[in-house]
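> Before we start, here is the structure in question, set down as structure tokens.
Residue numbers (my numbering), protein chains in the order written: chain E, 273 to 873; chain H, 2 to 322.
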């Protein structure tokens with residue numbers, strides 16, 4: 273049979289031996305196919321269908337599976353020692369490959385094996401994965417195994433990634449938010465092969481992903497339902513799983529990793545490190561925003577500012593009589609700092625994007641609060657978490673590195689490409705939202721530019737709040753004239769500066785000087801004046817006009833701690849419901865087991 | 002400064018050096034000597050382009066507990082990790098000398114009950130040891146303090162209080178253990194070489210400095226109590242430390258001096274026997290040592306609350322009582 277193959281933009285006619293596509297021949301004893309499987313040297317997706325031929329991807333899959341059959345032991349199990357050989361057999365040059373790199377869970381053994389393949393056999397891969405977290409994730413670009421990258425978040429590899437892009441080792445596709453990249457898995461970035469991670473598998477390939485399910489369902493579904501191949505590394509192979517998170521017929525190979533997969537305890541904040549200034553900002557946020565709007569459904573960004581808010585609910589929040597009125601429903605990772613609020617009866621429900629090390633037993637014992645399976649353990653799912661955070665919340669609140677005079681904010685610095693993760697999906701007003709809530713309606717009602725945009729039509733607005741110190745570590749200003757993101761974009765050749773939250777989405781800015789209610793402003797000049805009013809002694813703040821600031825305070829567009837009637841002398845650590853990780857363990861009744869690095873006992 | 006009553010109930014671990022100094026003695030009695038208004042600052046740091054502190058990182062002064070004059074030395078970890086430099090060291094030795102002179106005066110005036118009227122020194126450690134920017138002067142300060150501690154013997158009780166963030170490391174680990182009594186909280190740490198330095202020199206396999214639980218098992222208050230380097234383990238409040246000091250000051254000197262870890266041939270021999278034990282036992286973790294001293298469930302010790310620990314933990318038997 274002749275097929276058209278596109279190589280480097282040119283079309284060739286290539287003959288491929290016909291294969292019976294009706295049988296999925298994974299048998300341990302299956303002989304090596306003659307004709308050395310795919311006669312084509314490029315990924316199957318480059319094959320353009322001839323009319324009437326509709327299962328080329330499937331045939332390509334079958335060929336790859338047949339070639340790998342010799343490596344399979346019982347069921348779908350491949351010995352860890354054969355993993356490199358497996359990867360060399362099932363991946364072809366130019367393939368789109370997903371190496372499961374989540375916010376927390378990492379398919380680290382498979383990633384290492386991918387970095388050990390022969391670059392003369394496997395090269396020019398197009399990596400599509402959400403997080404670039406491990407050294408090996410970038411090593412494959414240095415070795416020429418991979419060439420192009422589409423991703424969301426790079427965290428610890430941010431500086432090396434920036435260098436690789438600059439040196440031309442990485443051809444950058446785009447930097448996405450999680451949900452955006454997941455979306456593209458189902459449109460134009462569908463992985464040909466996915467290397468994923470799970471806690472446990474049985475010999476039929478059923479997977480238990482448990483607490484850290486995270487991205488696995490999305491990756492596996494996108495890959496397998498477009499005739500791709502799925503390999504899972506697991507911590508152990510068992511006869512019976514606690515529950516099935518991924519059905520076995522969506523998984524092609526299972527490798528028992530020689531070591532447990534790496535999980536980063538990303539959301540543990542030690543209360544001992546919360547500063548008095550953070551307590552002040554938290555008090556302001558609770559009184560000036562949560563209470564003012566009656567915020568019940570919320571996502572907290574990662575950081576010490578939001579940890580302070582969580583730890584003030586049972587103390588300051590209680591004192592203001594807010595229990596049951598705010599913070600009842602969360603889209604949130606299992607933050608240990610939320611334990612005191614949960615234990616004090618503040619919280620009705622928490623849906624998690626991922627898990628958190630040490631919170632397993634606590635979550636298991638609070639099934640009314642968390643989403644747990646029939647087996648009693650948490651199942652996270654980042655795609656659903658992002659969806660919930662985007663559409664079903666009334667507020668996002670979090671910190672950032674830099675905010676400019678227009679309210680645009682970014683965590684980018686000159687030499688690091690750290691990407692976005694999920695924050696922009698939380699920190700944005702979902703245009704498709706149609707259901708109303710009091711908080712959403714009030715914020716929309718106050719929107720100073722609404723009349724110019726939608727006339728007299730009522731519409732709500734999500735609150736998007738940034739907590740910012742006027743000066744950060746090493747006296748770096750938190751509010752700047754121009755974001756470093758501009759310089760980064762220029763240096764790395766990005767099409768636009770990486771902005772975490774755009775100014776038109778930002779409704780409130782909280783600094784230790786006060787709260788700017790930006791959405792209440794009538795135009796961009798007024799917004800800038802409100803930002804200047806709370807920017808303290810930064811260059812932006814020094815441009816504030818005293819009489820304008822007074823006017824903004826009178827009109828309630830800016831409110832200082834004094835305007836909010838907050839006694840700043842009380843803003844210190846003694847307000848916190850827990851002041852150490854040990855206190856959190858006590859609050860949990862011994863159900864929270866923090867990782868050793870957080871234990872000072 | 003918080004009100005004194007509030008200081009008493011606040012965390013010793015989180016308190017500043019000045020808060021500790023004020024809270025440890027009776028309300029309103031602390032007089033700072035060589036305080037920030039005197040601008041006693043390091044001459045070396047500006048040469049290196051480093052910031053100075055007007056108290057050079059140590060609060061010194063005198064107050065009262067009951068009728069007893071109590072001299073206070075309180076190190077501030079927020080300034081260069083509480084490291085000891087020339088000026089701070091001189092302020093500290095001056096406190097020792099003042100206490101000794103006052104003792105001699107009182108002993109002359111009240112020869113019968115000098116021991117219950119004599120001044121005491123409480124030393125609240127929060128330090129990584131020598132300040133490397135001025136290491137020679139810092140080392141000299143260590144040596145002077147060791148000598149002065151010996152001069153104080155039989156005259157001025159010297160009490161170490163350890164429960165602050167930085168802990169008590171480097172040469173100051175030696176100094177703290179040479180005093181008459183060591184009082185710690187669970188959060189206090191004593192050691193010689195700090196965790197990061199051990200890892201840097203000997204590798205992560207020998208000591209993983211990111212494993213805070215390991216650090217506390219090796220240097221923390223509970224371990225030091227089981228090993229009898231620390232005589233009293235108290236709650237993490239300034240008031241709990243203060244109460245322990247009050248109790249100690251009411252003891253006759255003869256009883257107080259029994260808490261010493263060094264200072265006699267017998268005590269030195271006892272310390273050496275511990276070195277020999279380590280060679281035999283080859284412990285992989287502190288839990289091995291705790292088990293050796295008769296603790297059935299050594300893994301459970303870190304999670305015990307103070308009260309349970311004091312009730313249940315088996316301590317090393319002291320040869321010299």
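Backbone N, C-alpha and C fix where the C-beta goes; we use that ideal spot for every residue, glycine too. Quick caveat: nothing in here was measured; it's all calculated off a predicted structure.
1. So the candidates are H:84, H:196, H:126 and H:220; which of them puts its Cα closest to the Cα of residue 187 of chain H?
2. Given this structure, state the Cα-to-Cα distance separating residue 402 of chain E from residue 393 of chain E, to the nearest angstrom.
3. For chain H, find out if any of its Cβ atoms is closer than 9 Å to the Cβ of residue 862 of chain E; answer yes or no.
4. Hey, how far is the Cα of residue 649 of chain E from the Cα of residue 638 of chain E?
5. Closer than 7 Å by C-beta to residue 8 of chain H: which residues in its own chain qualify, once you throw out the five before and the five after it? Chain order, please.
6. Who are the Cβ neighbours of residue 411 of chain E in its own chain at under 6 Å, not counting the five residues just before and after it?
7. Closer than 8 Å by beta-carbon distance: list the chain H residues that pair up with residue 539 of chain E, in chain order.
8. Look at the Cβ atom of residue 672 of chain E, then the Cβ atom of residue 608 of chain E, and state whether they are nearer than 9 Å.
9. Assuming residue 69 of chain H and residue 112 of chain H form a contact by the criterion Cβ under 8 Å, report the distance between their Cβ atoms to the nearest whole angstrom.
10. In this structure, does DSSP put residue 534 of chain E in helix, strand or coil?
11. Given a cut-off of 9 Å, decide if residue 536 of chain E and residue 376 of chain E are closer than it, judged by their beta-carbon atoms.
12. With a threshold of 9 Å between beta carbons, is residue 223 of chain H in contact with chain E?
13. Measuring CA to CA, which of E:827, E:774, E:766 and E:814 is closest to residue 794 of chain E?
14. Take every Cβ of the segment 562-577 of chain E, pair it with every Cβ of the segment 838-858 of chain E, and state whether three or more of those distances are shorter than 8 Å.
15. For residue 52 of chain H, is the classification buried or exposed, using 16 other Cβ atoms within 10 angstroms of its Cβ as the cut-off for buried?
16. For a contact meaning CB atoms closer than 8 Å, what does residue 871 of chain E contact in chain H?
17. What does DSSP give as the partner residue(s) for residue 599 of chain E in the beta ladder?
18. So with CB distances below 7 Å, who are the chain H contacts of residue 845 of chain E?
19. Who are the Cβ neighbours of residue 428 of chain E in its own chain at under 7 Å, not counting the five residues just before and after it?
20. Which residue marks the beginning of the alpha helix (DSSP H) containing residue 496 of chain E, and which one marks its end?
21. Below 8 Å on C-beta distance, what does residue 868 of chain E contact in chain H?
22. Looking at residue 172 of chain H: is its Cβ nearer than 9 Å to the Cβ of residue 222 of chain H?
23. Write down every uninterrupted run of the alpha helix (DSSP H) in the segment 590-649 of chain E whose length is 4 residues or greater and which is fully enclosed by it, in chain order.
24. Beta-carbon of residue 544 of chain E versus every beta-carbon of chain H: anything under 9 Å?
25. Going along the segment 167-201 of chain H in order, which residues come within less than 7 Å of chain E, judged by CB to CB distance?
26. Quick one: is residue 857 of chain E near chain H, going by C-beta distance under 9 Å?
27. Got a sec: is the Cβ-Cβ distance from residue 75 of chain H to anything in chain E below 9 Å?
28. Indicate the three-state DSSP secondary structure (helix, strand or coil) for residue 667 of chain E in the structure shown.
29. State the Cα-Cα distance for the pair residue 871 of chain E and residue 108 of chain H, rounded to the nearest angstrom.
30. At least one CB of chain H closer than 9 Å to the CB of residue 851 of chain E: is that the case?
31. Decide if residue 615 of chain E is buried, meaning its Cβ has at least 16 other Cβ atoms within 10 Å, or exposed.
32. Using three-state DSSP, classify residue 153 of chain H as helix, strand or coil.
33. By alpha-carbon positions, which one of E:379, E:689, E:333 and E:371 ends up nearest to residue 361 of chain E?
34. Considering only their Cβ atoms, is the gap separating residue 416 of chain E from residue 438 of chain E smaller than 9 Å?
35. Three-state secondary structure (DSSP) at residue 411 of chain E?
36. Enumerated in chain order, which unbroken segments of the beta strand (DSSP E) with a length of 3 residues or greater are wholly contained in the segment 8-89 of chain H?
This is what the structure holds:
1. Counting from one through the second chain, the residue named residue 187 of chain H turns up at place 186. Closest option to residue 187 of chain H, Cα to Cα, is H:220.
2. In the first chain, the residue the question calls residue 402 of chain E occupies position 130. In the first chain, the residue the question calls residue 393 of chain E occupies position 121. For residue 402 of chain E and residue 393 of chain E, the distance between alpha carbons rounds to 25 Å.
3. Stepping through the first chain from its first residue, residue 862 of chain E is reached at position 590. So, interface residue.
4. By one-based count along the first chain, residue 649 of chain E stands at place 377. By one-based count along the first chain, residue 638 of chain E stands at place 366. Whole-angstrom Cα-Cα distance: 10 Å.
5. Here residue 8 of chain H corresponds to residue number 7 of the second chain, with the count starting at 1. The answer, listed in chain order, is 20, 23, 24 and 239.
6. Along the first chain, one-based indexing puts residue 411 of chain E at 139. Correct list, in chain order: 387.
7. Within the first chain, the letter at position 267 stands for residue 539 of chain E. Simply none; closest approach about 18 Å.
8. Within the first chain, the letter at position 400 stands for residue 672 of chain E. Within the first chain, the letter at position 336 stands for residue 608 of chain E. Not in contact: residue 672 of chain E and residue 608 of chain E (Cβ atoms no closer than 9 Å).
9. Mapped onto the second chain, residue 69 of chain H falls at position 68. Mapped onto the second chain, residue 112 of chain H falls at position 111. With 8 Å as the limit, residue 69 of chain H and residue 112 of chain H do not qualify as a contact, their Cβ atoms being about 17 Å apart.
10. As a first step, residue 534 of chain E must be located in the first chain, where it is residue number 262. Of the three classes helix, strand and coil, the one that applies to residue 534 of chain E here is coil, per DSSP.
11. Residue 376 of chain E sits at position 104 when you count from the first residue of the first chain. Residue 536 of chain E sits at position 264 when you count from the first residue of the first chain. Cβ atoms of residue 376 of chain E and residue 536 of chain E: closer than 9 Å.
12. Your numbering for residue 223 of chain H matches position 222 in the second chain. Output row for residue 223 of chain H: interface = yes.
13. By one-based count along the first chain, residue 794 of chain E stands at place 522. Measuring from the Cα of residue 794 of chain E, the nearest candidate turns out to be E:827.
14. no
15. Here residue 52 of chain H is taken as the residue at index 51 of the second chain, counted from 1. Exposed is the call here.
16. Looking up residue 871 of chain E in the first chain gives position 599. Residues of chain H passing the Cβ test: 213, 214, 217 and 303.
17. Along the first chain, one-based indexing puts residue 599 of chain E at 327. Paired residues: none, contrary to the question.
18. Translated into positions along the first chain, residue 845 of chain E becomes position 573. Neighbours of residue 845 of chain E on chain H, chain order: 15.
19. Reading the first chain from its first residue, position 156 is the one you call residue 428 of chain E. Taken in chain order, the residues that qualify are 405.
20. Position 224 of the first chain, counted from the first residue, corresponds to residue 496 of chain E. First-last of the alpha helix (DSSP H) with residue 496 of chain E: 488-496.
21. Indexing the first chain from 1 puts residue 868 of chain E at position 596. Those are 212, 213, 214 and 215, listed as they occur along chain H.
22. On the second chain, residue 172 of chain H is found 171 positions in, with the first residue counted as 1. On the second chain, residue 222 of chain H is found 221 positions in, with the first residue counted as 1. In this structure, residue 222 of chain H does not lie closer than 9 Å to residue 172 of chain H by Cβ.
23. 611-615 and 632-636
24. Position 272 of the first chain, counted from the start, is the residue given in the question as residue 544 of chain E. Interface residue, yes.
25. 187 and 188
26. Along the first chain, one-based indexing puts residue 857 of chain E at 585. It does; some Cβ of chain H falls within 9 Å.
27. Numbered from its first residue, the second chain carries residue 75 of chain H at position 74. Cβ-Cβ to chain E under 9 Å: no for residue 75 of chain H.
28. The residue labelled residue 667 of chain E in the question sits at position 395 within the first chain. Reduced to three states, the DSSP call for residue 667 of chain E is strand.
29. By 1-based counting over the first chain, the position of residue 871 of chain E is 599. By 1-based counting over the second chain, the position of residue 108 of chain H is 107. Each residue's Cα considered, the two are about 48 Å apart.
30. Along the first chain, read from residue 1 onward, the residue named residue 851 of chain E stands at position 579. Taking Cβ atoms only, chain H reaches closer than 9 Å to residue 851 of chain E, which makes this a yes.
31. Taking the first residue of the first chain as 1, we reach residue 615 of chain E at position 343. Per the 10 Å Cβ criterion, buried.
32. Here residue 153 of chain H corresponds to residue number 152 of the second chain, with the count starting at 1. Note: residue 153 of chain H maps to helix in three-state DSSP.
33. As a position in the first chain, residue 361 of chain E is number 89, starting the count at 1. With distances taken between Cα atoms, residue 361 of chain E lies closest to E:333.
34. Here residue 438 of chain E is taken as the residue at index 166 of the first chain, counted from 1. Here residue 416 of chain E is taken as the residue at index 144 of the first chain, counted from 1. Not in contact: residue 438 of chain E and residue 416 of chain E (Cβ atoms no closer than 9 Å).
35. Taking the first residue of the first chain as 1, we reach residue 411 of chain E at position 139. In this structure, residue 411 of chain E counts as helix in the three-state DSSP scheme.
36. 59-66 and 69-76
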